[in-house]
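S.K.: Here you go, one structure.
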Amino acid sequence: VFGITTSGLRMAFGGHFFTDVAIAGLVSFLVIWLAYALIYRWAATRLTDAQVDAALTRLAWPGYRLTQRWRGRDVGPAPSA
Numbered sequence: 004v005f006g007i008t009t010s011g012l013r014m015a016f017g018g019h020f021f022t023d024v025a026i027a028g029l030v031s032f033l034v035i036w037l038a039y040a041l042i043y044r045w046a047a048t049r050l051t052d053a054q055v056d057a058a059l060t061r062l063a064w065p066g067y068r069l070t071q072r073w074r075g076r077d078v079g080p081a082p083s084a
């Protein structure tokens, strides 16, 4: 709903042509569908929720630890995944 409304307003105010909006919507749909399929649907690349959580924790942990050290808090060792 938000995307349709925003697209309509951009066309109404002359910021975009219909083709710009239509192609952007199609590309957005395909990227989201592909990411969903890679993470959850296709058996060869399927990840469990625990695997997704562990990957996000490994990705975010250095920044979290740096922020906590800057605030003077000890967060202990990195979690094992």
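Going by this note's numbering, 48 is the number at position 45 of the sequence shown; the sequence numbering is gapless. C-beta atoms are modelled at their ideal positions from N, C-alpha and C, and glycine is treated no differently.
Could you have a look at A65 and say whether DSSP puts it in helix, strand or coil?
M.R.: It is worth fixing the name first, because residue 65 is Pro in this sequence and not Ala. Helix, per DSSP.
S.K.: How many Å lie between W73 and Y67 at the Cα?
M.R.: Roughly 10 Å between the two C-alpha positions.
S.K.: Which residue comes first and which comes last in the alpha helix (DSSP H) that contains I7?
M.R.: F5 to A15 is the extent of the alpha helix (DSSP H) around I7.
S.K.: For the alpha helix (DSSP H) holding F32, just list the boundary residues, first then last.
M.R.: F32 -> alpha helix (DSSP H) spans F21 to Y39.
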